Amino acid sequence: MRDDRAAHRRHRRAVAGLRHGDRKEPLIAPARRAGARPPRHFTVHLGFEAADPTSARELAVAYAEALGLLRPELALGAAALSPADAWHRAERLFCGAVGPDGERCADVAGHPGFHHAPGPGGLGWGDGD
Ligand SMILES: [Zn+2]
Numbered sequence: 017m018r019d020d021r022a023a024h025r026r027h028r029r030a031v032a033g034l035r036h037g038d039r040k041e042p043l044i045a046p047a048r049r050a051g052a053r054p055p056r057h058f059t060v061h062l063g064f065e066a067a068d069p070t071s072a073r074e075l076a077v078a079y080a081e082a083l084g085l086l087r088p089e090l091a092l093g094a095a096a097l098s099p100a101d102a103w104h105r106a107e108r109l110f111c112g113a114v115g116p117d118g119e120r121c122a123d124v125a126g127h128p129g130f131h132h133a134p135g136p137g138g139l140g141w142g143d144g145d
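If you read the sequence shown in the working numbering, its first letter stands for residue 17, the second for the next number, and so on.
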């Protein structure tokens, strides 16, 4: 009969080493969670029909602005439009230029004139005419 006590001792030492060994903390332990994870951004994709890209852009801006009125926590500056089958071709709907006080322009992307902070009477800045 084969004596496997030496192999058994080696195995026990290896397992004990994985648990504690000379370390204060075990090598194998549950993942540390210092606290709740910070919130992350997600994107919702909504589908609709339009006659052409220009009409689609106008509708998308109207949908985004309407949702922004209903749910102020939405990040409208991240709103984008793409053909339904080509999300990789997404184009921003809003300008988003950063103003002198850190505010972002709420006008549509590619707008002429000054940039404008959101809200009535929002700050205007830039090289408008
Ligand atoms: Zn702008």
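We treat Cβ as the ideally placed atom computed from N, Cα and C, and that holds for glycine. Remember, predicted model here, so these are calculated numbers, not experimental data.
| query | result |
| --- | --- |
| According to DSSP, L14 sits in a beta bridge with which residue or residues? | Absent from the structure is residue 14, since the part of the chain shown begins at 17 and ends at 145. |
| Could you check the C-alpha separation between S71 and V77 for me, to the nearest Å? | 10 Å |
| Where DSSP assigns a beta bridge to V77, which residues make up the other side? | V77 is not bridged to any residue. |
| Using the Cβ count rule (16 or more neighbours within 10 Å means buried), how would you classify A22? | exposed |
| What does the alpha-carbon distance come out to for the pair R87 and E81? | 10 Å |
| Which class does G140 belong to by DSSP, given the choice of helix, strand or coil? | strand |
| Output the residues surrounding ligand 1, defined as those with a CB atom closer than 5 Å to any ligand heavy atom, in chain order. | C111, A113, C121, D123, H131 |
| Around the C-beta of D117, are 16 or more other C-beta atoms found within 10 angstroms, so that it is buried, or is it exposed? | exposed |
| Under 6 Å Cβ to Cβ from C93, same chain only, skipping five residues before and after it: list those, please. | This sequence places Gly at residue 93; Cys is not what is there. For G93, where only same-chain residues beyond five positions count, the Cβ hits under 6 Å are F110, G112, R120. |
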